[in-house]
Amino acid sequence: MTHIASPRRLFCSALTTITLLVSVAFPALAGSQVARRLYSLPSSSDPRVSLPDTLSPRVKTASVLGHLGGETQLTGMSLVLKPTDAQSVALQQLLLDQQNPSSPQYHQWLTPQTYGERFGLSDADLSIVKDWLTSKGFTVDEVAPSRNRIVFSGTASAVESAFTTTLQRFHRADQDYFENSTAISLPQSLAAVVSGITGVSSYHIQPPVLTPQVVAPQYTTGTGTHYLVPWDFRQIFSMNTLVSQGYDGTGIKIGVIGQSSVTSAQLTYFQQLTGQTQKLPTMVLVPNTGTSGQLSVNDEQESELDLEYASGSAPGAQVLFIYTGTTQSSSNNGVFTALIYAVTNNLAPILTLSYGSCENQAASYANAVLELVLAQASSQGQTVLVSSGDWGATSCETPNSNGIVTSAQGGLSVSYPASSPNVTAVGGTALTGTSTQYWNASNNSYRGSALGYIPETSWNDSSPTLGLSASGGGASSVFGKPSWQAGVGVPSDSHRDIPDVAFPSSPQTIGYLVCVVGTYQCTNGSTFGGSSGTYVFGGTSAAAPNFAAMLAVVEQATGNASGLGNINPKLYSLAGASNASSIFHDITAGNNMVNCVVGTTGCTSGVMGYNATTGYDQVTGLGSVDASGLVAGLTSSASKLTPTVSVTAANPTPWGGTTDVFTVKVTGSGATPTGTVTLTFNGTTPSTITLAAGTGTYTYTAPGCSSLSACSYTVVANYNGDSTYNNALATMTLSVPAPVAPTVNLTAATLTPTGGTADVLTVNVTGVNSAPTPTGTLTLSVDGTDVKSVTVTSGTLTFTYTYNVPACASTGCVHRVVAAYYGDTDYTTSVTSINLVVGTITKATPTVTLGATTLTPLAGATDTLSVTVAGTGALGSGIPTGTVTVVVDGSPLDTKAVNLGSYFYTVPSCTSVCTHTVVATYSGDTAFNSATSNTLTLTVGSALSMTPANSTLTVTAGATGTDVISLANTAFAGTISFKVSTTSTTLTGCYTLPSVTATAGTPITSTFTIYTNLANCSSSSAQFLPRSIASASPGSGNVPWRRGGMTIFTAGLMGSFFLRRRMRPAALLLVLLSVAALGLSGCSGGGSSSGSTGGTGGTGGTGGTGTTGTYTAKGTYPLTITATGVPSNGATSVTATTTITLVVQ
39 MTHIASPRRL FCSALTTITL LVSVAFPALA GSQVARRLYS LPSSSDPRVS LPDTLSPRVK
99 TASVLGHLGG ETQLTGMSLV LKPTDAQSVA LQQLLLDQQN PSSPQYHQWL TPQTYGERFG
159 LSDADLSIVK DWLTSKGFTV DEVAPSRNRI VFSGTASAVE SAFTTTLQRF HRADQDYFEN
219 STAISLPQSL AAVVSGITGV SSYHIQPPVL TPQVVAPQYT TGTGTHYLVP WDFRQIFSMN
279 TLVSQGYDGT GIKIGVIGQS SVTSAQLTYF QQLTGQTQKL PTMVLVPNTG TSGQLSVNDE
339 QESELDLEYA SGSAPGAQVL FIYTGTTQSS SNNGVFTALI YAVTNNLAPI LTLSYGSCEN
399 QAASYANAVL ELVLAQASSQ GQTVLVSSGD WGATSCETPN SNGIVTSAQG GLSVSYPASS
459 PNVTAVGGTA LTGTSTQYWN ASNNSYRGSA LGYIPETSWN DSSPTLGLSA SGGGASSVFG
519 KPSWQAGVGV PSDSHRDIPD VAFPSSPQTI GYLVCVVGTY QCTNGSTFGG SSGTYVFGGT
579 SAAAPNFAAM LAVVEQATGN ASGLGNINPK LYSLAGASNA SSIFHDITAG NNMVNCVVGT
639 TGCTSGVMGY NATTGYDQVT GLGSVDASGL VAGLTSSASK LTPTVSVTAA NPTPWGGTTD
699 VFTVKVTGSG ATPTGTVTLT FNGTTPSTIT LAAGTGTYTY TAPGCSSLSA CSYTVVANYN
759 GDSTYNNALA TMTLSVPAPV APTVNLTAAT LTPTGGTADV LTVNVTGVNS APTPTGTLTL
819 SVDGTDVKSV TVTSGTLTFT YTYNVPACAS TGCVHRVVAA YYGDTDYTTS VTSINLVVGT
879 ITKATPTVTL GATTLTPLAG ATDTLSVTVA GTGALGSGIP TGTVTVVVDG SPLDTKAVNL
939 GSYFYTVPSC TSVCTHTVVA TYSGDTAFNS ATSNTLTLTV GSALSMTPAN STLTVTAGAT
999 GTDVISLANT AFAGTISFKV STTSTTLTGC YTLPSVTATA GTPITSTFTI YTNLANCSSS
1059 SAQFLPRSIA SASPGSGNVP WRRGGMTIFT AGLMGSFFLR RRMRPAALLL VLLSVAALGL
1119 SGCSGGGSSS GSTGGTGGTG GTGGTGTTGT YTAKGTYPLT ITATGVPSNG ATSVTATTTI
1179 TLVVQ
């Protein structure tokens, strides 16, 4: 018989389809993609967790001045919110895809809002965090659009109370400041979503501006001395050609990051002096950081330098100065706060930062706060440029009273955030050409005189007078090698190396003229400096804003106004291309070596640092960049085809130390791809292979695991492109098995030899079938003295040793023989032993002791059991040999040689609290009797033994009912969440049952609340039961939603016909929403009558619409509550269930 669906059912099916179409076509209507992680406001009794990386290493070296006054007002503090592990993995994949031309995500940048929808906190979670801050006496000032930062303000005493820390006043170097002297802590639930905190320290990163050179105001080239202005920089690096073509940065924003106000007059004088159209930057004072003011003269000078060259070298760009304010009482925000604000609000596609600090000291801030922000910047298409530092290969030094460092003592180090893989580190060069071959004899109207490119060397002005003054560079101790950092000269060191590029930075050779506040500030728009001199500045902090200006011009010329994101992958790819010499000026001369104190960290010869060399080096990176060449390289890249890259391994699960063959294939829609592929293994670059017919192979020796557990290695194949194809990459994972134990057998011709005779000892070592053959050293000893040592090379090793058994001093004695194999890449150490009994002895009974890591293990966890066998008795040096078997509940668990390693018991789940009996039995040997250990009883926490206070919950229709759920907990520690379900096909309603955090041995409760009124189900914490709430019948024409839906439907339908085309999608949306509104009631499964208090319903029982909302139908319903416990130690989750009968009257 053919079944014909009812009109109502057809309508409901159509409505479901329309709803899906709306959610796909208008994803914003579907809400955030972010899963909820918090379910209730933490209570005062909740356990607290110290946040990692929230205590600065500065605390150890600073002098304490006293406690910060509790009444001190702190503004602009913020909680930085962390993504889940799954979100982090997805973000890293997105960052790779956004720079991979073969990916559909290539250059598809996020906005702060879309970033928040994918990687931020849910609205409900944000509300809980804000409510918690408010409950602690803070004022919530702002939530970042990207939903990963909450800004708040309050007193110092509120900070100490809320975060259980102490705020102290310190002195370090030449700065007085305050910050927390103990780690920040939070309730356990909040700690799961908070990565770090900012604004609880007033320590400011010092500006890196070098002591400037002061020259006479007659700066023209008449004396043969030369200085730089923006026009010169553009001329040297081929930017003027682009500017003459109309590409001057128009339409591109550059964000200059600072922490002090600037003097507009100095900027105006500089623009007048250099022939620019007068245009001041847009001032962006970060909200809630105080009022605009000078933090220090050096900070202001730094920002004026940055602004003058960012705007001067890209005269058409819109420059934003994003800076923090100052307050007399605290000044607890600085340049990093400004950077965070620029990213979380996506203020500009190019950001330039001229500040940094010792990477080791900044590591905690990097891990807790800034790396999350810099990754977000990359995902939004923002390019972040950071100066690499001005102390050469040493960035962890403390200046003397004159502000200089004469000799390094802190070892090789780099500056952060320059070392971040998410930024481009800009180092320093020095121009060497001073003749008329490179300079005009006089200046033009822009005060420029350079003729074109001028040769460069590495910047290093270090001297006893100037102190350390060289291009910052070296290997990061925090970040591994990114997959894109590969090519000629790149060290195979598994570390992120800096800088990436470099530009002129020497104030002593050919430096930058500026107008900045100070003794030699400009006083008008016709002459640099004052009557007694002119400032000439340098440092990598001058190189970074100039490169920012170059990128603004390049982005306009290549049509990338939305940004290039992290440009490092493209720079390194272009450096490996055949036309690299037209893009990069490879700096091969000079170094960044500096004097160091012999005997201090890493200093053996009195100098340390790196040399410039062909290709990449840790002084100047890839070299300086030709703007026109970069435009051509990027434009050529845009017109090229995108290939497909694959990388496979002959054995994706190789044992450590074995060779594996990788095959890389590059295919495309045009000619066969040619060129090279760079392979990296966990950041290390072992080889660059050349393709033949689009394929290349590489034989690699897989490394072993550093621990006893299995490990994995990421393999990246980066195709460097050719004249037809862009670069592209592919990744795969190598999984290396954990080292295993070999079998070591030790036997004797007789275990009871006669003294004065010879006994033949035989040792045999064999491996595991699937693993390589064992290698390494095997030692045989008798009574603690080594008698033979051999090298295992064949894998199955058998050797014999003739032992001349000495006579006993008494009637009987025992000689202990031990064979010890010391392991290799794939095998663990293994030891076995036997006892040789000479003469007549009385066997002793040893003591067998059994222990466990815990006697109350969690279900699903692994409990480690230990067994020791000891006892010499009358045997003198005799030690038990043989085997020990651990037995659990009467069944053998494992058998091992005596005293050889632990036993691991994976605890099974049980439906209630249960116990397991464990005992160990010793086999005995020629000298010792068999023996049994003590008995252990393991008590296992069940799936939580959950009980409701009331097994029957009676609720009046439209009212709210509660029940307390108790969990009798003996061993579980972790987070417990709940889910309520029913077998009823007619029950409708919603509920709340907050998650709880359990401590082992402590009973805990949660309150179950059932809502039978739809009006109470709008809370973000409410969860709906399987069915819809009963409502009016489809035929009822007096439902407000119906009337509203019909109105919207009519308006939308008319709009879709008569509105302009660009407005029709909105009208269509109105139509779809109106259909949904018309069908809300008709597709429910509840009763069909309505009334003030409910009446007799149809199928589904009694129910209806009351005076305050739509009610659950009357009836009796079975409810099942399931609790899922996620152990804090990472063990397998456990569950428990209970039932409640719900009666709705």
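Residue numbers for the sequence shown follow my numbering, so the first one is 39 and each next one is one higher. Glycine included, every Cβ here is placed at the ideal spot set by N, Cα and C.
Spatial neighbours of residue i within its chain, please: C-beta separation below 6 Å, excluding the five flanking residues on both sides.
i        : result
Lys-120  : Ser-233
Thr-279  : Ser-666
Asp-963  : Asn-873, Thr-919 and Gly-920
Lys-1017 : Thr-1160
Asp-499  : Ser-507, Ser-544 and Gln-546
Ser-684  : Lys-703 and Ala-768
Gly-512  : Ala-431, Leu-450, Val-452 and Gln-656
By Cβ distance below 8 Å, which residues in the same chain neighbour residue i in space, the five residues on each side in sequence not counted?
i       : result
Ser-827 : Thr-815, Leu-816, Thr-817 and Leu-818
Glu-198 : Gly-108, Thr-204 and Leu-205
Can you tell which of the options has its C-alpha closest to the C-alpha of residue i?
i       : options                                : result
Ser-600 : Leu-205, Ala-590 and Lys-608           : Ala-590
Ala-958 : Thr-906, Ser-1004, Leu-991 and Thr-977 : Thr-906
Ser-521 : Pro-607, Phe-208, Ser-543 and Glu-494  : Pro-607
Pro-791 : Gly-759, Val-774, Ile-879 and Asp-760  : Ile-879
Pro-777 : Ala-221, Cys-749, Gly-706 and Ser-227  : Cys-749
Pro-542 : Thr-696, Gly-577 and Gly-850           : Gly-577
Ala-809 : Pro-692, Thr-785, Pro-711 and Leu-772  : Pro-692
Tyr-393 : Gly-644, Gly-510, Ala-431 and Thr-315  : Gly-510
Tyr-860 : Leu-377, Pro-812 and Gly-637           : Pro-812
Pro-583 : Thr-883, Ser-341, His-954 and Ser-480  : Ser-341
Ala-400 : Val-411, Ser-457, Ala-446 and Gly-363  : Ser-457
Thr-892 : Ala-908, Gly-850 and Leu-974           : Leu-974
Tyr-484 : Leu-311, Ala-613, Val-592 and Ala-128  : Leu-311
Thr-236 : Pro-80, Thr-113 and Gln-523            : Thr-113
Val-452 : Asp-698, Val-424, Thr-1175 and Leu-205 : Val-424
Short of 7 Å in beta carbon distance, which residues of its chain neighbour residue i, apart from the five on each side in sequence? Order them along the chain.
i       : result
Gly-568 : Tyr-558, Gln-559 and Thr-561
Pro-844 : Gly-793
Asn-937 : Thr-906 and Val-907
What did DSSP end up calling residue i once you bin it into helix, strand or coil?
i        : result
Gly-793  : coil
Lys-608  : helix
Arg-210  : strand
Tyr-573  : strand
Arg-1065 : Unreliable positioning characterises Arg-1065 in this predicted model, as indicated by a pLDDT of 47, which lies under 50. The coordinate reading is nonetheless provided below. Here Arg-1065 sits in strand by DSSP.
Gln-356  : strand
Lys-291  : strand
Tyr-839  : strand
Leu-79   : coil
Tyr-153  : helix
Gln-1185 : With the chain covering 39 to 1183 only, the question about residue 1185 has no answer from this structure.
Cys-851  : strand
To which residues does DSSP link residue i through a beta bridge?
i       : result
Asp-901 : Tyr-943
Glu-217 : Gln-206
Thr-955 : Thr-975
Lys-826 : Leu-818
Trp-429 : Ala-508
Validate contact between the segment 83 to 96 and the segment 212 to 226 using beta carbons, cut 8 Å, 3 pairs: yes
Contact the segment 239 to 246 vs the segment 412 to 419: 3+ CB pairs below 8 Å: no
Meets three-Cβ-pair contact criterion under 8 Å: the segment 183 to 202 and the segment 145 to 164: yes
Contact the segment 432 to 442 vs the segment 127 to 143: 3+ CB pairs below 8 Å: no
At least three beta-carbon pairs within less than 8 Å, the segment 267 to 274 to the segment 337 to 356: yes
contact_flag[the segment 525 to 543, the segment 456 to 470] where n(CB pairs < 8 Å) is 3 or more: yes
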